[in-house]
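Number of protein chains: 6
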Amino acid sequence: MTTNHFERIKSAIEELSQEQSYKSVCHPHFKDHKMPSLQALEKIVSLSREIIFPGYYGDSSIRPDSVRYYIGVNTEKLYSLMVEQIFAGLCFMCDKPEGFDLSERKGQAHDYASQFISVLPDVRRVLTTDVEAAFLGDPAAKSKGEVIFCYPAIRAITNYRVAHALLKIGVPLIPRMISEMAHSETGIDIHPRATIGEYFSIDHGTGVVIGATSILGNNVKLFQGVTLGAKSFPLDEKGNPIKGIPRHPIIEDNVVIYAQATILGRITVGANSIIGGNVWVTNSVASGSKIVQFKPRDVLYAEGGGI
Amino acid sequence: MTTNHFERIKSAIEELSQEQSYKSVCHPHFKDHKMPSLQALEKIVSLSREIIFPGYYGDSSIRPDSVRYYIGVNTEKLYSLMVEQIFAGLCFMCDKPEGFDLSERKGQAHDYASQFISVLPDVRRVLTTDVEAAFLGDPAAKSKGEVIFCYPAIRAITNYRVAHALLKIGVPLIPRMISEMAHSETGIDIHPRATIGEYFSIDHGTGVVIGATSILGNNVKLFQGVTLGAKSFPLDEKGNPIKGIPRHPIIEDNVVIYAQATILGRITVGANSIIGGNVWVTNSVASGSKIVQFKPRDVLYAEGGGI
Amino acid sequence: MTTNHFERIKSAIEELSQEQSYKSVCHPHFKDHKMPSLQALEKIVSLSREIIFPGYYGDSSIRPDSVRYYIGVNTEKLYSLMVEQIFAGLCFMCDKPEGFDLSERKGQAHDYASQFISVLPDVRRVLTTDVEAAFLGDPAAKSKGEVIFCYPAIRAITNYRVAHALLKIGVPLIPRMISEMAHSETGIDIHPRATIGEYFSIDHGTGVVIGATSILGNNVKLFQGVTLGAKSFPLDEKGNPIKGIPRHPIIEDNVVIYAQATILGRITVGANSIIGGNVWVTNSVASGSKIVQFKPRDVLYAEGGGI
Amino acid sequence: MTTNHFERIKSAIEELSQEQSYKSVCHPHFKDHKMPSLQALEKIVSLSREIIFPGYYGDSSIRPDSVRYYIGVNTEKLYSLMVEQIFAGLCFMCDKPEGFDLSERKGQAHDYASQFISVLPDVRRVLTTDVEAAFLGDPAAKSKGEVIFCYPAIRAITNYRVAHALLKIGVPLIPRMISEMAHSETGIDIHPRATIGEYFSIDHGTGVVIGATSILGNNVKLFQGVTLGAKSFPLDEKGNPIKGIPRHPIIEDNVVIYAQATILGRITVGANSIIGGNVWVTNSVASGSKIVQFKPRDVLYAEGGGI
Amino acid sequence: MTTNHFERIKSAIEELSQEQSYKSVCHPHFKDHKMPSLQALEKIVSLSREIIFPGYYGDSSIRPDSVRYYIGVNTEKLYSLMVEQIFAGLCFMCDKPEGFDLSERKGQAHDYASQFISVLPDVRRVLTTDVEAAFLGDPAAKSKGEVIFCYPAIRAITNYRVAHALLKIGVPLIPRMISEMAHSETGIDIHPRATIGEYFSIDHGTGVVIGATSILGNNVKLFQGVTLGAKSFPLDEKGNPIKGIPRHPIIEDNVVIYAQATILGRITVGANSIIGGNVWVTNSVASGSKIVQFKPRDVLYAEGGGI
Amino acid sequence: MTTNHFERIKSAIEELSQEQSYKSVCHPHFKDHKMPSLQALEKIVSLSREIIFPGYYGDSSIRPDSVRYYIGVNTEKLYSLMVEQIFAGLCFMCDKPEGFDLSERKGQAHDYASQFISVLPDVRRVLTTDVEAAFLGDPAAKSKGEVIFCYPAIRAITNYRVAHALLKIGVPLIPRMISEMAHSETGIDIHPRATIGEYFSIDHGTGVVIGATSILGNNVKLFQGVTLGAKSFPLDEKGNPIKGIPRHPIIEDNVVIYAQATILGRITVGANSIIGGNVWVTNSVASGSKIVQFKPRDVLYAEGGGI
């Protein structure tokens, strides 16, 4: 390395190591604290899928006699990974180690994790309705097995239902990470705090966004690119957004929303409505409505080359 | 583990192992049947790319004399992986093992796989036109090599052309899995049953959806977020969607469709048309049309803070 | 293998190995040239993140005393991986080996890589503003740490800022590959040539496209599905697109653009404007404007089943 | 590559591809035959250890209630891996595919594998005596747990007992591969055909060789480097060794053999004997004997520099 | 699976899950206890090598300015892995969880690990003498670098010196595991409790065994297959070996022991002695002795075919 | 971390980073030099095995028509890995970068690697004789295929013949690393400089050592633990061993040497001799000799408990 290159590197390291350079974007590590691990969370999601949909994932061999062994082992493994990651999530949120009792937090992690395990049967029950809805709603689906095994929306909804269960128990950070994993894999971004009823389906799904305070009834169907978002939000006296205020839509039962529709703000889309694609909706919609975009224009080539 | 946590886990395992809990979301395994493997399919896609575009993938060293060795080995490996995965696909579709002759199905898998190999030269020929179209259509592209090596749309179209070839031969499930792999990687969701002509290009691509019965002519160009979807579909007397009915658009030659346009139903977009972005189109469009969204409004701040 | 299958494979290999079949889609390898490696680029991106945001990635243990060790080692590793990949990028662009002096290009790679290292402190400084903007703009964000650790937009913007720095230095191909990695992971497609100011934020982000000649001011916020694209581009006398002409929008300071808006062409969106979702904008917009889609229609069920 | 290097490679490939060059060292592949996989066998050995010694290997969490789940899952997995590898072993031994009925052999593999599973409880019972012997015989051993977890001889004896069980059932090739895996890992080479009683122990173990027709009683202890080998063997009329003739020693109960002793031929070492290290024994030894090497000489430096 | 196979498996699982079957070979897991991980220990050994011999292992780039960064990071990583593994070692030795305070033991692990880090400079200093001895003693060695990088004995001695340092600090189990790793890799089995002076060398090394209470002076050289073992050991009233009694040889300074020599019992081999290969030595040897095996016989073919 | 632990670590890092501490055990890295990679060498050995014994390793499917493809690809890959590793070996031996012309050395690496490729057919030819010898000499061998696939001695001899070929061409370091890989895997340590004739076999093999200047004729058979070593070697005036002097045995044609025999010094074992196990031979042996250990003594229990 010529002196020139070497000096550049040396001085960059020096600059990058100055406290004023890194202090606002650095995560300090405290003794015996743990960082959440994306790899462990992937294992957690994969074990959850193996438990909920036995025989589809992992190299299992499911027969009536063997299913209990697999569910037993996978649940035990899920439990111990969960304890570690919930503990890591608690550590992550801690910004000073004094008063953060490690044993107590470990106990809390055990408690949260076992609560999570105990709601898994209900998570499966609701997911069963989602699979049913996806199967009935897609003429291209050949069997429920294909829906479970291949449909990205089922992966995203599974992550959401797992993350939502964790969030309701009080687990920090981990639910968000689990939903971002599905977001990256499927392009579907469901905030774990959203409330979503049964028989929920998403078709194709890339670009779907469901905000934190959204409430969806039963039998809602969304197509790709649908946004259930916030329009704006009040700021506090310091100019920071006020957290926790309901700011996303309420979608009642049996609503269908077509591709790329953007529904913003704490409005209500009444039951049995159909929202056409590519619309921008910022006001409530009565039950049974059918909203579509204003008709497009046909502009002739006169306007110039291209469009 | 305190008794409390332990009891929660034990009882959850018990509940999850009850047949009535898992039976509709469980995949039973029959003797000597195989499950499709995502990992093997990734290898299949990667070998297909190495064969079609020699020298871009894998740690090959391509010279005129060595190219045959690489194509030979990769084709042999592709063949044997294909046999296994096609066989697994046949197993997956089987819901009772009686009457499912394993040897016969293995033979069928060999037949399908060798048919697939024999259409690879044609798959390459058509992909060459797609590369050409992407290169000509993007002022930012520096060379065809860059297009092949870096453009996600080429990855997605390659998976589609491979999956479509398999589907035409009669292979179940595997085509869908291959197209979902591209969907996850690129956000482009092309149903393997769709019919797409030569010189096909997609720019950026995230959010593109092309439904199963779509028919696209030659020289079609789509931008990100374009949907070629179904508007609605008839139900049979039991309320289930009737499968196989043409329900997606026909896009004729030389059509360009801009970002986020949603084209729904068995309509025809006539040759040489241009469809602007963000439009909702549910009626046929004559050849040479140029359709754009109705002009947006400029609403002043009077309407209130935010939008 | 029956003769039949065997013959199909043999003849496909033969056909695929013909020069006329592969020549336009083949990358020939020259002596001692290297191919860029996606795996190495992933390591590069991951090291860059570890250096910029110390303590969030890798199994580090960051204390004031140890931070310099980690930054030192990671920077050294980043440097040597960069040299290899930049060299591979230079090789990739070379279509005939004569006159391509390997030692000289290796020296160039060292020079480029050390220039890159020396701008890392500035890359961090600007990313710090982006983190700040994301935190302030999202009522759901609990801490800056959560933003850095979990938000896909921060990953995409980090890749963009790294890729942009490389592109400005003159590195070919590699910047594009780095931005495509973020595209695949997050659905956000920012061309490394785009110019983007400080305090830049993207919410959710799937489907965002920012074209090569776009110019964004400070404090711009985009939502998912926003396109800053080209409307059309002039062709040269041979019908090829003329490269390098400004063809993407200029977005001035403090602009917010809502989901799925499509802004096309070399137009200007004036400072402090708000662009509503799902609009199609092909003309410049004055400062302080607030543009929304024309109101949708409510069509009753009379129009027929479905939508 | 200069022509010179290129020509060398091309001509070497040509020569290496000539049938007369490779035919006696080539393994031809028949349709749907499988090759044994070292990786799968490693998984088999590791599952066997997890089943036999619950809680020591794998990331299990063994409690009285959970042990059945782990044993259930591991046994199921062991069974299906075994079926594949036994089938591969049968294929390997086949030198012409005609008359080799794949379905029938697959059935045979299932039968052999399930026989193997059914002797696992007995394998564990005997291994328990071996652990006991190792613990009692080593003053450095702190607990039986340490013996099970750390002692290479226990790994080697476990592989032997598994391999021996398979060999007795009639499985070809696989037993040999399993014992070679232990040989590589521990330097202990026990032929799977050898017959070995209970409470068997080996201390340190590197270099131990126990030949195919050896018979060892109960409570035998060997130190490192001990050979129980063949002295010579009769040839048939073609000069080939006659296979299957007893040619290795019989070691009766309660014998101890010290380091590097070489015991050759079908001789008997009587019960309760002690064989000292570094001896060469080719004749039978009466019960209760104590055999040591003839005393070494002390040669002074007079004999010359060095030794 | 036919009922037959299935019944075999089911009944084997049942039998293997009976407490009386597994209880003496099972390791129960207590809440929040950890098992030692072979993979983590391999990382520990590899980090130790990187720290002691900078620039030979890992993908480092060592220059005078960068060496501190690498040693800093590797030492930090070594420390945190050590804490985890020492804690796991303490857990492993615990047979009932009551009275085993996890926080206290974690603190003990921190203390042991930091003590270990603080003796690393001395471990390096002594290993430097071992490298020197190997280089001087082997005419085939081209450089000290080759000795460090390639010689298995240096790997084994490094593991020994690391394990011995841990054992002296009081760490349970882990030292034994580290020495078994070297045993498996090199065939050299040095008990971590043995005491070994400076300038220690082993040539080739396969089969070397050095027992727990051995004491070796400075400048000792061993060849392959040398045993420094125990002859016999007293039993207590219950017939168990009495632990901790000195039972292995004392080898004084400047002794050379040739291949396969077996030296047993608490005897002394006096300084400057040479022990020839293949001898069995159970009595002390005076300083300056030169011991060789009694001359072999030349037996003619008269004795029969073979040997 | 308490101050105490922290201070220990900080001061150890400081001490370990002092130049006087590391300078004699540190490998400095020069610009654009490479380190040999054990992982790459494992790939090299594995490719060599795949080329020499087609169909046994890798996931190949060998038929008369496909064998050329596999050999072509494997040879191309072997060549390019070889170039890199030979170049790295040349770098390793360089202790100052001035005058070490990287381009020239890269050219040398190409030349050495292509020479190596061109002797591969002869390496295969000789290995074929070794396989034949192992098969004929072992009554337990069922087929040559089993010998090639399972016998550790064939792995060790293959590595030796590859390493010896490289050493004869002039490649530094790499041959030694390749032979140490076999040593670790099999316990057989053959110096790559040794000269070994055809039809060479080793049975079991753990502990075999063959020194650098050994010369073995045709049809030699060794058992486990045999040493062909150096007795002593002259020192130069500085007390360093004089390198390169013949100091290991010459073993003539048709010699058999039994387990643990130690043959030392530049002596000759005449053709057709048999050397019994556990002997110490430091003088030449006439052709046709049959040497065995002096008979052991039977010492009764009178001598005391144990042996």
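Sequences listed follow chains D, Y, Z, A, G and U, in order.
Numbering follows the working numbering, with no gaps: position 50 of the first sequence is 50.
Numbering follows the working numbering, with no gaps: position 115 of the second sequence is 1115.
Numbering follows the working numbering, with no gaps: position 90 of the third sequence is 2090.
Numbering follows the working numbering, with no gaps: position 113 of the fourth sequence is 3113.
Numbering follows the working numbering, with no gaps: position 91 of the fifth sequence is 4091.
Numbering follows the working numbering, with no gaps: position 39 of the sixth sequence is 5039.
The beta carbon of each residue, even a glycine, is placed where N, CA and C say it ideally should be.
| Asked | Found |
| --- | --- |
| Runs of beta strand (DSSP E) wholly within the segment 5196-5239 of chain U (minimum 3 residues, chain order) | 5201-5203, 5221-5223 and 5227-5229 |
| Short Cβ contact (7 Å threshold) for U:Gly5270 with U:Ala5286 | yes |
| A:Ile3263 - containing beta strand (DSSP E), residue span | Thr3262 to Leu3264 |
| Complete runs of the beta strand (DSSP E) confined to the segment 4064-4133 of chain G [at least 3 residues] | none |
| Proximal residues to Y:Thr1213 (C-beta, below 6 Å), its chain only, five neighbours per side dropped | Pro1246, Arg1247 and His1248 |
| Counted within 10 angstroms of its Cβ, other Cβ atoms place G:Leu4235 as buried (16 or more) or exposed | exposed |
| Alpha-carbon spacing of U:Val5208 relative to U:Thr5227, whole angstroms | 6 Å |
| Best match in D:Ile52, D:Leu173 and D:Glu198 for proximity to Y:Glu1015 [C-alpha to C-alpha] | D:Ile52 |
| Three-state secondary structure (DSSP) of Z:Leu2016 | helix |
| Listed by chain order, chain D residues near Z:Gly2225 by CB distance under 8 Å | Gly207, Gly225, Thr227 and Gln260 |
| Cα-Cα separation, A:Pro3308 to U:Ser5143 | Residue 3308 of chain A falls outside the range modelled here, since chain A spans only 3001 to 3307, and no answer is possible. |
| Minimum Cβ-Cβ distance from Z:Pro2097 to chain Y less than 7 Å | no |
| Under 7 Å from the C-beta of Z:Ala2012: neighbouring residues of chain Y | Thr1075, Ile1117, Ser1118, Leu1120 and Pro1121 |
| Between the CA atoms of D:Lys77 and Y:Pro1054 - distance to the nearest angstrom | 43 Å |
| Burial state of U:Asp5203 (16 or more Cβ within 10 Å) | buried |
| Same chain only: Cβ atoms within 6 Å of G:Phe4030, ignoring 5 sequence neighbours per side | Pro4097 |
| Those residues which DSSP pairs with U:Asp5298 across a bridge | A:Ile3291 |
| Residue range of the unbroken alpha helix (DSSP H) whose run includes G:Pro4152 | Pro4152 to Ile4169 |
| Rounded Cβ spacing between D:Lys268 and D:Ser284 (contact assumed at less than 8 Å) | The residue asked about is misnamed: residue 268 of chain D is Thr in this sequence, not Lys. The pair is a contact, with the Cβ atoms about 5 Å apart (cut-off 8 Å). |
| Spatial distance of D:Phe294 from D:Gln260 (CA atoms) | 15 Å |
| Nonlocal neighbours in the same chain, by C-beta distance under 7 Å from U:Gly5239, ignoring five residues either side | none |
| Bridge partners - Y:Thr1282, DSSP secondary structure assignment | Per DSSP, none; premise fails for Y:Thr1282. |
| For D:Asn219 and D:Asp253, believed in contact at Cβ under 8 Å, the rounded distance | 6 Å |
| Y:Ile1210 versus D:Ala88: straight-line alpha-carbon distance, rounded | 42 Å |
| Residue burial classification, G:Lys4023 (beta-carbon count within 10 angstroms, cutoff 16) | exposed |
| Any chain G beta carbon closer than 7 Å to D:Ser60 | no |
| Partners in chain A for D:Gly72, counting only beta-carbon separations shorter than 7 Å | Ser3066 and Tyr3069 |
| Per-residue contacts from Z:Asp2032 into chain U (C-beta, under 7 Å) | Lys5106 |
| Residue-chain proximity (G:Ser4046, chain Z), Cβ-Cβ < 7 Å | no |
| Where G:Glu4146 falls, given that 16 or more other Cβ within 10 Å makes a residue buried | buried |
| Delimiting residues of the alpha helix (DSSP H) encompassing U:His5183 | Ile5174 to Thr5186 |
| Status (buried if at least 16 other CB within 10 Å, exposed otherwise) for Y:Lys1231 | buried |
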